[in-house]
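These notes are about the structure you will find just below.
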Amino acid sequence: ISGSALIGAAIGAIVFGLLSNMGRKKFYGIDVTLLTIGAILQAFVSNPLELVLIRLLLGIGVGADYVLSPMIMAEHSNAKDRGKIIALGFGLFWGFGATTAALLYLALSAINLSPDLIWRIVLASGAIPAASVIYLRRKIPETARFLGRVKGDIPTLKNVVKEVTGQEVMISKDLKDYNSFSYYFSKYWRKFLAACILWFLFDIVAYSGILFGPSLIAKSLGINSGVFQLYIEAIFTIPGGLIALSLIDRVGRKPLQIIGFIGMALSLFSFSLYKDFAGLYFSPLIAFAIY
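The numbering used here applies: residue 6 is where the sequence shown begins, and numbers increase by one.
Put into structure tokens, the structure is as follows:
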């Protein structure tokens, strides 16, 4: 069931990554529409197969958003604030979302709703933030970078820059990039491969925590899964994200990533060494939280 959403995300990222070459704005909003539909339909499934198929659809929306949102944020933002803008929109708000979901789960549990109803409500609630931005995403202007470098539409580019910044720009030359993907891949393939490997390694650890943290790990420690998730997100993930947000455009992306990877490695190594000795009950929880 969890894997179907990840498969859908891979499909969505590939498909919408290719479609984005026809325009960023053109497909922006379709991603959250798929998320809205998928989230709502999860509440009405009658068997595991239906949930797998619906979460596959949901995952396609997630994958589409993985591609479109950071791309549009990067292309609309200035160089000075680009790091913190992407970190805020595509990093920190994951923590806020997870915290909200955990709080909703605990609130529903506190009023003694049936477990079957609770998980349906929690999953369906994801439609609310997704649906709330459909209209706004459809109204966002096309990015100046796409208009200039991909489409070569200078008049529209000038209009967009004026709309976004309120300033006129003077452009006297053709900005369109006529180089192919193969040209850039042959030139930057080492950096491209390094980025892919780092993202792959990060997700092995990150999704292991997301998938198994609130269930297997919390259960083995005797902690309520909702409390476990709330503890991790509210006390560690969000503050950690805020620290990264304040440093990313000053310290740099690579130093922060190196520090983060080292911290994750050390904390998870400590977590693996945990034994149920007296007085050490919270040591694995602290190690996992630091990760």
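Heads up, the beta-carbon is just placed ideally off N, CA and C, and yes, glycines get one too.
Worksheet item: In chain order, what residues of the same chain lie with their CB nearer than 6 Å to the CB of A10, ignoring the 5 residues before and after it?
Response: Excluding residues within five positions, the ones whose Cβ falls inside 6 Å are R60, L63, G64.
Item to complete: Grab the span of the alpha helix (DSSP H) containing M76 for me, first residue to last.
Response: Taken as a continuous stretch (DSSP letters only), the alpha helix (DSSP H) holding M76 covers 53-81.
Discussion item. Suppose the cutoff is 7 Å on Cβ atoms and the five residues either side in sequence are ignored; what does the same chain contact list for S7 look like?
Written reply: Once the five neighbours on either side are set aside, the close Cβ partners of S7 are L216.
Worksheet item: Should the stretch 67-84 be regarded as contacting the stretch 23-35, the criterion being three or more beta carbon pairs within less than 8 Å?
Response: A contact exists between the stretch 67-84 and the stretch 23-35.
Worksheet item: When we look at the beta-carbon of D86 and count the other beta-carbons within 10 Å, is it buried (16 or more) or exposed?
Response: By the 16-neighbour rule on beta-carbons within 10 angstroms, D86 is exposed.
Discussion item. By the three-class DSSP mapping on this structure, what secondary structure does Q262 have?
Written reply: Correct three-state label for Q262: helix.
Worksheet entry | For Q47, three-class secondary structure by DSSP | If DSSP states are grouped into helix, strand and coil, Q47 belongs with the helices.
Worksheet entry | Alpha carbon of F282 to alpha carbon of C201, nearest angstrom | With a pLDDT of only 48 at F282, under the threshold of 50, the placement of this residue in the model should not be trusted; the figure read from the coordinates follows. If I take the Cα positions, the gap works out to 40 Å.
Practice prompt. Reducing DSSP to helix, strand and coil, say where T170 ends up.
Written response: T170 falls in the helix class under three-state DSSP.
Discussion item. Please identify the residue among F266, L252, F274, P244 whose C-alpha is closest to the C-alpha of F98.
Written reply: Residue P244 is the option with its Cα nearest to F98.
Fill in: Limits of the alpha helix (DSSP H) - the one that D254 falls within
Per DSSP, D254 belongs to the alpha helix (DSSP H) from 243-256.
Discussion item. What would DSSP say about A175, mapped onto helix, strand or coil?
Written reply: It should be noted that the sequence gives Met, not Ala, for residue 175. Coil.
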